[in-house]
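Q: Input: one structure, supplied below.
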Amino acid sequence: MRQPDNIAAMIQDEQNYDAAVVGAGVVGLAAALALAAAGRSVAVVERNPPRRASGALGSDLRSVALTPASLDFLRSLGADLDGALTPISTMRVWEHDGAGALRFASADSQNEPAALAWVAANSGLAADLWALGAGRLELIEASLDRLAQERDAVRLELADAPPIRAGLVVAADGPNSFCRRSTSTAARSAPPPPNGRQRAIATVARMIESHCHTAWQCFGRTGPVALLPLADERAVSVIWSGAASEQEALLGLDDERFRAALEAATEGVAGGVLAVDERLCFPVTQTLAADLNPWPRVLLAGDAARTLHPLAGQGVNLGLEDARQIGAMATAGGDLGAAGRWRTYARERRRRSKLMMTLMRGLLSAYCGQAVNGPWLRWARNSVVRRIDASPTAKAQLAREAMGLGALAA
Ligand SMILES: Cc1cc2nc3c(=O)[nH]c(=O)nc-3n(C[C@H](O)[C@H](O)[C@H](O)COP(=O)(O)OP(=O)(O)OC[C@H]3O[C@@H](n4cnc5c(N)ncnc54)[C@H](O)[C@@H]3O)c2cc1C
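The numbering of the sequence shown is this note's numbering, which starts it at 886 and goes up by one.
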């Protein structure tokens, strides 16, 4: 058995940081860089350091659409992303076999940013931020095994690495967050959409014609399929969500049948689909942690705090808002884990998450499921869509909200 004086010596040997971030996804790395920019010493603990990945068609199978607000924040941290981004200059949203469509162009947002959003490969973005962290952050390749509250710090026990202590822990360890579970924080699930449990398929498709920097989103009977433009002018990132049973059937198709199904679901945009890459499948849930500051020295951020339906592509953007707020609130001096310091963060970020979750559910309820697919409801829906499309003011407001620049983002 170790003697108490040996234990005291071991504690002295442990590295101490103002903050430790668990998880080096896009959100965790952005939060760590923002804390470092606020003058704090920061360690990042990650079990699988990010690496650039690409599928058979040459692009990452998973991309994210970043709002102008997210991009401004990443640039303020020193990220040079110019070569990694594909602009979305127009967007078309419509219902399969419908008689109305919403069309947005970057000019609709009343001339502010040059694009509605920018598409980045998920793995490439995280790998770039990890490289940016070298020299500014202590990057620790290890898995977090245990979190323990102490009076003036949190102790992080790591597999295959010495333990560390931090005045604040930012848990950005993804949807199944070990930190969230370690703090006994429940993740409450929003009710599924009317047509039940959903799954999302992510892949890359090569189109027959150029995407012309357009993003398409078509609402099918059981869920939406979105195509995002990639750097190669004929390649698009595909996120196709729908009722779990239907997505599982789609996953069982060979390449040619899947290609044909995707072409039919997107009504032949960009001349149709020439080829498809390997398919990845994700469960789609909307969950929100009961408390985003469950211990005085622990904050939840990104998917550890909430998960959203990929429908509006807002998951990473909400996570980057978390990171930006953490950085801004860390600039005031003093102990990062002082009692009550993060209650505003917890309250405001939960409120914003709930709002987005309600919007996603509202959209899914309006489009998906038996009950809303009768002819009269389809006619009413398409009439409303045509009226909004004809109103420059309504479109400008919608475009600004989607870009993270509107009143709802405040
Ligand atoms: C199909 C699909 C499409 C999407 N499209 C979009 C989109 O277009 N736009 C958008 O904004 N969002 C999109 N999202 C959501 C977005 O991808 C996520 O919200 C975002 O990636 C979450 O980032 P994160 O950093 O919080 O978590 P993650 O990226 O999940 O990172 C968590 C990290 O924590 C690490 N980790 C976990 N446990 C431990 C541990 N015990 N010890 C050490 N490390 C640990 C993991 O290895 C991982 O690297 C999409 C999601 C899906 C599923």
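Cβ coordinates follow ideal geometry from the N, Cα and C atoms, glycine included.
Treat the numbers as computed from the prediction; the structure is a model and nothing was measured.
Rounding to the nearest angstrom, what Cα-Cα distance links Ala1275 and Val1183 in this structure?
A: 47 angstroms
Q: Hey, out of Tyr1230, Thr1151, Arg1232, whose CA is closest to Arg977's CA?
A: Ranking the options by Cα distance to Arg977, first place goes to Thr1151.
Q: By the DSSP assignment, the beta strand (DSSP E) with Gln1132 in it spans what residues?
A: Not the beta strand (DSSP E): Gln1132 falls in the alpha helix (DSSP H), residues 1129–1136.
Q: Using the C-alpha atoms, what's the distance from Val1123 back to Gly1212?
A: 33 angstroms
Q: Starting from the C-beta of Glu1148, find all residues in its chain whose C-beta is less than 7 angstroms away, skip the five residues before and the five after it, and write them out in chain order.
A: Gly1157, Val1158
Q: Report yes if the CB atom of Ala1057 is closer than 8 angstroms to the CB atom of Val906, and no otherwise.
A: Against a cut-off of 8 angstroms, the Cβ pair of Val906 and Ala1057 comes out as a contact.
Q: May I have the straight-line CA-CA distance separating Pro1079 from Thr952, to the nearest angstrom?
A: 29 angstroms
Q: If I'm right that Thr1068 touches Trp1180 with Cβ under 8 angstroms, what's the distance once you round it to whole angstroms?
A: Yes, they are in contact, since the Cβ atoms of Thr1068 and Trp1180 sit about 5 angstroms apart, within 8 angstroms.
Q: Mind checking whether the beta-carbon of Ala909 lies closer than 7 angstroms to any heavy atom of ligand 1?
A: yes
Q: Give the C-beta separation of His1194 and Leu1113 to the nearest angstrom, bearing in mind that I take them to be a contact with Cβ-Cβ under 8 angstroms.
A: Contact annotation, His1194 with Leu1113: C-beta distance approximately 16 angstroms; criterion of less than 8 angstroms not satisfied.
Q: Runs of 3 residues minimum, wholly inside the segment 1028–1064: which ones carry the beta strand (DSSP E) assignment?
A: 1028–1034, 1039–1044, 1046–1056
Q: For ligand 1, any of its heavy atoms closer than 7 angstroms to the Cβ of Val1110?
A: no
Q: Which complete alpha helix (DSSP H) runs does the segment 1170–1232 hold, if anything under 4 residues is left out?
A: As far as the segment 1170–1232 is concerned, its whole alpha helix (DSSP H) runs of at least 4 residues are 1200–1215.
Q: So, under 8 angstroms CB-CB, Ala1033 and Arg932 are touching, yes? Tell me the CB distance rounded to an integer number of Å.
A: The Cβ separation is near 19 angstroms, so there is no contact.
Q: For the alpha helix (DSSP H) containing Ala911, list its first residue and its last residue.
A: The question names Ala, but residue 911 in the sequence shown is Val. Looking at the DSSP string, the run of the alpha helix (DSSP H) that includes Val911 is 911–922.
Q: Which residues in the same chain as Gly963 place their Cβ atom closer than 7 angstroms to its Cβ, once the five residues preceding and following it in sequence are excluded?
A: Leaving aside the five residues that flank Gly963 on each side, the residues in its chain whose CB is nearer than 7 angstroms to its CB run, in chain order, Leu1017.
Q: Would you give the residue range spanned by the alpha helix (DSSP H) that Glu1148 belongs to?
A: 1140–1150
Q: Taking Cβ positions, are Thr1107 and Glu1131 nearer each other than 8 angstroms?
A: yes
Q: Using 7 angstroms as the cut-off, classify the Cβ of Glu899 as near or not near the heavy atoms of ligand 3, replying yes or no.
A: Among the ligands modelled here, namely ligand 1, ligand 3 does not occur.
Q: In chain order, what residues of the same chain have a beta carbon less than 7 angstroms from the beta carbon of Gly940, not counting five sequence neighbours either side?
A: Excluding positions up to five away in sequence, the list reads Leu946, Val1089, Asp1162, Glu1163.
Q: Count the C-beta pairs between the segment 1199–1217 and the segment 1083–1102 that are closer than 8 angstroms, then say yes if the count reaches three, no if not.
A: no
Q: Assuming Leu914 contacts Val929 (C-beta within less than 8 angstroms), just tell me the rounded distance between them.
A: Yes, Leu914 and Val929 are in contact; Cβ-Cβ is about 7 angstroms, under 8 angstroms.
Q: For Arg1232 and Ala1215, I'd like the C-alpha separation in whole angstroms.
A: 17 angstroms
Q: Can you name the start and end residues of the beta strand (DSSP E) that Asn901 belongs to?
A: 900–907
Q: Could you tell me whether the Cβ atoms of Leu1029 and Trp1015 are closer together than 8 angstroms?
A: no
Q: For Arg1119 versus Gly1009, is the C-beta spacing smaller than 8 angstroms?
A: no
Q: Should Ser944 be labelled buried (16 or more other beta-carbon atoms within 10 Å of its own) or exposed?
A: buried
Q: Per the DSSP calculation, Ala1116 is bridged to which residue(s)?
A: Answer by DSSP bridge pairing: none, since Ala1116 is not bridged.
Q: Given Ala1072, which residues of its chain have a CB within under 6 angstroms of its CB, disregarding the five upstream and five downstream residues?
A: Cβ contact annotation for Ala1072 (same chain, cutoff 6 angstroms, sequence separation greater than five): Thr1172, Ala1174, in chain order.
Q: As an exercise, report each continuous beta strand (DSSP E) stretch of at least 3 residues that is fully enclosed by the segment 1061–1100, in chain order.
A: 1072–1074, 1083–1092
Q: Apart from the five residues just before and just after Ala986, which ones in its own chain have a Cβ nearer than 6 angstroms to its Cβ?
A: Taking Ala986 as the centre and dropping the five residues before and after it, the same chain places the C-beta of Arg977, Trp979 closer than 6 angstroms to its C-beta, in chain order.
Q: So, helix, strand or coil for Arg1271, using DSSP?
A: helix
Q: Can you pull the DSSP bridge partners for Ala1002?
A: Per the DSSP secondary-structure output, Ala1002 pairs in a beta bridge with Ile973.
Q: Following the continuous beta strand (DSSP E) through Ser948, name the residue where it begins and the one where it ends.
A: First-last of the beta strand (DSSP E) with Ser948: 948–951.
Q: Taking the CB atoms as reference points, tell me whether Ser926 and Asp957 lie closer together than 8 angstroms.
A: no
Q: In the structure shown, what three-state DSSP assignment does Thr1278 receive?
A: If DSSP states are grouped into helix, strand and coil, Thr1278 belongs with the helices.
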